[in-house]
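Scroll down for the structure; my scribbles are underneath it.
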Ligand SMILES: [Zn+2]
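Residue numbers (our numbering): 62 to 118.
Structure follows, in structure tokens:
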């Protein structure tokens with residue numbers, strides 16, 4: 062059995078900035094606070110994997 066994980070399973074385009082990494086706050090362009098300017102947010106699976114790697118690194 063093999064497990065194939067696609068990037069889409071781990072992260073999704075940020076719904077707040079739609080992957081643009083910036084959001085407009087009071088007409089000012091600022092790094093998106095929802096995704097910390099990454100443009101993507103972790104899915105539940107992504108968070109699980111992140112915890113796993115942190116635990117074992
Ligand atoms: Zn964002």
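Glycine included, every Cβ here is placed at the ideal spot set by N, Cα and C.
Quick caveat: nothing in here was measured; it's all calculated off a predicted structure.
Selected residue, minimal CA-CA separation from residue i, among the options
i	options	result
residue 69	101, 111, 93 and 90	101
residue 75	88, 90, 66 and 103	103
residue 132	113, 86, 90 and 106	No answer is possible for residue 132: the residues shown for the chain start at 62 and end at 118.
Beta-carbon separation (whole angstroms), residue i vs residue j, contact threshold 8 Å
i	j	result
residue 73	residue 110	That pair is no contact at about 14 Å.
residue 79	residue 92	At roughly 14 Å, the Cβ-Cβ gap does not stay under 8 Å, so residue 79 and residue 92 are not in contact.
residue 77	residue 95	4 Å
First and last residue of the uninterrupted alpha helix (DSSP H) at residue i
i	result
residue 105	105-117
residue 70	68-71
Host beta strand (DSSP E) of residue i (start-end)
i	result
residue 89	89-92
Residues that residue i bridges to, as DSSP identifies them
i	result
residue 65	DSSP, once it has assigned bridges, lists no residue as partnering residue 65.
residue 74	101
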